[in-house]
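A.B. asks: Chains as they are written, first to last, in the numbering used here: chain R, 984 to 1163; chain G, 984 to 1163.
Glycine included, every Cβ here is placed at the ideal spot set by N, Cα and C.
Number of protein chains: 2
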Amino acid sequence: MARIQAVALDLFEAQGFEQVSIEAIARAAEVGPATIYRNFGSKERLVLWDEYDPMLLEAIAAELAEHEVLAAVQRALVGSLAAIYRDERARILRRGRLIRATPALQVVAAADAVMLRLALEQVLLASRRAADPLAARVFAGAIVATIVAGVDRWLDGEGREPLARCFQRTIAHLRRLALA
Amino acid sequence: MARIQAVALDLFEAQGFEQVSIEAIARAAEVGPATIYRNFGSKERLVLWDEYDPMLLEAIAAELAEHEVLAAVQRALVGSLAAIYRDERARILRRGRLIRATPALQVVAAADAVMLRLALEQVLLASRRAADPLAARVFAGAIVATIVAGVDRWLDGEGREPLARCFQRTIAHLRRLALA
DNA sequence: CCAAGATGTGATAGTCACTATCATGTGAGA
DNA sequence: TCTCACATGATAGTGACTATCACATCTTGG
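Written as structure tokens, this is what we have:
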């Protein structure tokens, strides 16, 4: 399955996402088209597929026990993404570039952000740091937007600025929003 | 064009978004399928299509001249949406229900929110209330998330709670997050 | 008033993502 | 070794979307 994804990424980067058909990927990976659909569900999922969201949510939930919301988020981002950042930096950069170059992928990425927001909503509610469901929804929405902005910033700099510092910056900005 | 959209909404509500083909809509509206694609571009755009975003952006830009960011947003929401709220409440409710019942529409709605965020980013930058592009991005993301949360709240109550009060609530929550 | 361009429409044919279904092959457990 | 469970591959289909063409309806300039 990882092999299929790698083959697909190579083809997408070489020819563009839209120009590569599922059948071409299947041929290149020496599997049937049906297998790709069974494993990934859609063409977009061949690119947008990682296990970072659950890890991040778990880390935030843990930090929320002892820190206020934004501090917890920042600590979770820095802590849980450090390992990823070290091991998979190149792969994430590749995927990020591909997503930003492909409208169809941006759409699904936006939908993924909504899913993350819903999950974060539950975490915030469970932690009792959000007083009620509406507060949890607003908090989660603002936080996910801030995380997305941090990743965007990181991609803007082609990954040269450390991801942790990008998040630090965006969270600091969010703090200042009320005063702007 | 408005007639086609009305026909499509009726069919979608009666049979479900996925169950209605473009060809069926074309037949019901007595046009060719090609005409629908020319005017709306995609099946989803038959539902997600309004001119509220430009109006809202204009209103925010105007308010930003004299008010801090969150106050400007709140004033713009209350002011510019009052007319819409009065005249098109029922239609917006219908569309909102349809979107929330249809995954494919949620995805495109999320992409629309990203477009709104990008536009708001420019407005914030131009107003000089955001010090730099990164601040504008974070502000815009958080604000759009807060607006979405307000609309969600409104839809949760089937439109019984005034939309303006929903926005008031969510913006107040956003303020508290930043100052927490 | 008319020729001529511009624009919007309908129809046809085609591509491709995605689904449903079934037969085959492979590995785990009795 | 037999069998059940499960993943795979292949086939046939649906429907969204594109490209292209001919035609009808305006809109201009003469």
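1) Here's the rule I'm using: 16 or more other beta-carbon atoms within 10 Å means buried, otherwise exposed. How should residue 1112 of chain G be labelled?
2) Have a look at residue 1099 of chain R and residue 1040 of chain R and give me their C-alpha separation to the nearest angstrom.
3) Tell me whether residue 1048 of chain G is buried or exposed, calling it buried when 16 or more other Cβ atoms sit within 10 Å of its Cβ.
4) Answer with yes or no whether the minimum CB distance from residue 1050 of chain G to chain R is below 8 Å.
5) Tell me whether the beta-carbon of residue 1095 of chain R lies closer than 8 Å to the beta-carbon of residue 1146 of chain R.
6) Identify the continuous alpha helix (DSSP H) that holds residue 1051 of chain G and give its terminal residues.
7) Closest Cβ-Cβ distance between residue 1151 of chain G and chain R: below 8 Å?
8) Using only CA atoms, which one of R:1124, R:1089, R:995 and R:1077 lies nearest to residue 1056 of chain R?
9) Could you tell me if residue 1092 of chain R is buried or exposed, where buried requires 16 or more neighbouring beta carbons within 10 angstroms of its beta carbon?
10) Please report whether the beta-carbon of residue 1089 of chain R lies at a distance below 8 Å from any beta-carbon of chain G.
11) Say whether chain G places a C-beta atom closer than 8 Å to the C-beta of residue 1135 of chain R.
12) Just mark residue 1128 of chain R as buried or exposed, buried being the case when its beta carbon has 16 or more other beta carbons within 10 Å.
13) Quick check: the Cα distance between residue 1086 of chain G and residue 1142 of chain R, rounded to an integer number of angstroms?
14) Does residue 1056 of chain G come within less than 8 Å of chain R when only Cβ atoms are used?
15) Give every residue of the same chain whose Cβ lies closer than 6 Å to the Cβ of residue 1102 of chain G, excluding the five residues on either side of it in the sequence, and list them in chain order.
16) Just the chain G side, please: which residues come within less than 7 Å of residue 1158 of chain R by C-beta, in chain order?
17) For residue 1125 of chain G, which residues in chain R fall below 7 Å Cβ to Cβ?
18) What ranges does the beta strand (DSSP E) occupy inside the segment 990–1054 of chain G, keeping only unbroken runs of at least 3 residues that lie completely in it?
19) Please report whether the beta-carbon of residue 995 of chain G lies at a distance below 8 Å from any beta-carbon of chain R.
20) Can you name the start and end residues of the alpha helix (DSSP H) that residue 1094 of chain R belongs to?
21) Does DSSP classify residue 1062 of chain R as helix, strand or coil?
22) With a threshold of 16 other CB atoms inside 10 Å of the CB of residue 1162 of chain R, please say whether the residue is buried or exposed.
23) Answer yes or no: do residue 1160 of chain G and residue 1122 of chain R have a C-beta to C-beta separation smaller than 8 Å?
24) Please confirm if residue 990 of chain R has its CB atom under 8 Å from at least one CB of chain G.
25) Using the Cβ count rule (16 or more neighbours within 10 Å means buried), how would you classify residue 1133 of chain G?
26) Leaving out five residues before and five after residue 1012 of chain R in sequence, what residues of the same chain have Cβ atoms less than 6 Å from its Cβ?
27) Under 8 Å, Cβ to Cβ, is there at least one residue of chain G near residue 1030 of chain R?
28) Below 8 Å CB to CB, which residues in the same chain sit around residue 1081 of chain G once its five sequence neighbours on both sides are set aside?
29) Who are the neighbours of residue 1103 of chain R on chain G, taking C-beta pairs under 9 Å?
30) Taking the CB atoms as reference points, tell me whether residue 1131 of chain R and residue 1090 of chain G lie closer together than 8 Å.
C.D. replies: Result, derived from the coordinates:
1) Here residue 1112 of chain G is taken as the residue at index 129 of the second sequence, counted from 1. Answer is buried; the Cβ neighbour count reaches 16.
2) For the purposes of this step, residue 1099 of chain R is taken as the residue at position 116 of the first sequence. For the purposes of this step, residue 1040 of chain R is taken as the residue at position 57 of the first sequence. Their Cα atoms are separated by approximately 8 Å.
3) Counting from 1 along the second sequence, the entry for residue 1048 of chain G is found at position 65. That one is exposed.
4) Locating residue 1050 of chain G in the second sequence gives position 67, counting from the first residue. So, not an interface residue.
5) Taking the first residue of the first sequence as position 1, residue 1095 of chain R is located at position 112. Taking the first residue of the first sequence as position 1, residue 1146 of chain R is located at position 163. No, they are not a contact pair.
6) Translated into the one-based positions of the second sequence, residue 1051 of chain G becomes position 68. Element bounds for residue 1051 of chain G: n/a, residue is neither H nor E.
7) Here residue 1151 of chain G refers to the residue found at position 168 of the second sequence. So no, residue 1151 of chain G is outside the interface.
8) As a working note, residue 1056 of chain R is residue 73 in the first sequence. Ranking R:1124, R:1089, R:995 and R:1077 by Cα distance to residue 1056 of chain R puts R:1124 first.
9) Looking up residue 1092 of chain R in the first sequence gives position 109. Per the 10 Å Cβ criterion, buried.
10) As a first step, residue 1089 of chain R must be located in the first sequence, where it is residue number 106. Output row for residue 1089 of chain R: interface = yes.
11) Counting from 1 along the first sequence, the entry for residue 1135 of chain R is found at position 152. Yes, its Cβ sits closer than 8 Å to a Cβ of chain G.
12) Within the first sequence, numbered from 1, the residue matching residue 1128 of chain R stands at position 145. Residue 1128 of chain R comes out buried.
13) Taking the first residue of the second sequence as 1, we reach residue 1086 of chain G at position 103. Taking the first residue of the first sequence as 1, we reach residue 1142 of chain R at position 159. Cα-Cα distance, rounded: 33 Å.
14) The sequence position of residue 1056 of chain G within the second sequence is 73, counting from 1. Cβ-Cβ to chain R under 8 Å: no for residue 1056 of chain G.
15) Sequence index remark: in the second sequence, residue 1102 of chain G carries index 119 (1-based). For residue 1102 of chain G, where only same-chain residues beyond five positions count, the Cβ hits under 6 Å are 1040.
16) Within the first sequence, residue 1158 of chain R is the residue found at index 175, counting from 1. Those are 1161, listed as they occur along chain G.
17) For the purposes of this step, residue 1125 of chain G is identified with residue 142 of the second sequence, where counting begins at 1. Those are 1125, 1128, 1129, 1157 and 1160, listed as they occur along chain R.
18) none
19) Counted from its first residue, the second sequence places residue 995 of chain G at position 12. No, residue 995 of chain G lies away from the interface with chain R (no Cβ there is under 8 Å from its Cβ).
20) Along the first sequence, one-based indexing puts residue 1094 of chain R at 111. Residue 1094 of chain R -> alpha helix (DSSP H) spans 1086–1110.
21) Along the first sequence, read from residue 1 onward, the residue named residue 1062 of chain R stands at position 79. Looking at residue 1062 of chain R - three-state DSSP - the assignment turns out to be helix.
22) Locating residue 1162 of chain R in the first sequence gives position 179, counting from the first residue. Residue 1162 of chain R is exposed by the Cβ-count criterion.
23) Locating residue 1160 of chain G in the second sequence gives position 177, counting from the first residue. Locating residue 1122 of chain R in the first sequence gives position 139, counting from the first residue. It is a contact, given that the beta carbons lie within the stated cut-off.
24) For the purposes of this step, residue 990 of chain R is identified with residue 7 of the first sequence, where counting begins at 1. Not one chain G Cβ lies under 8 Å of residue 990 of chain R.
25) Your numbering for residue 1133 of chain G matches position 150 in the second sequence. With 16 or more Cβ atoms within 10 Å of its Cβ, residue 1133 of chain G is classed as buried.
26) Locating residue 1012 of chain R in the first sequence gives position 29, counting from the first residue. Excluding sequence neighbours, residue 1012 of chain R sits near 987 and 990.
27) Position 47 of the first sequence, counting from 1, holds the residue named residue 1030 of chain R. It does not: the Cβ of residue 1030 of chain R has no partner Cβ on chain G nearer than 8 Å.
28) Reading the second sequence from its first residue, position 98 is the one you call residue 1081 of chain G. Cβ within range, chain order: 992, 995, 996, 1000, 1030 and 1088.
29) In the first sequence, residue 1103 of chain R corresponds to position 120, counting from 1. Near residue 1103 of chain R there are no residues of chain G at all, since even the closest Cβ is about 11 Å away, more than 9 Å.
30) Locating residue 1131 of chain R in the first sequence gives position 148, counting from the first residue. Locating residue 1090 of chain G in the second sequence gives position 107, counting from the first residue. No.
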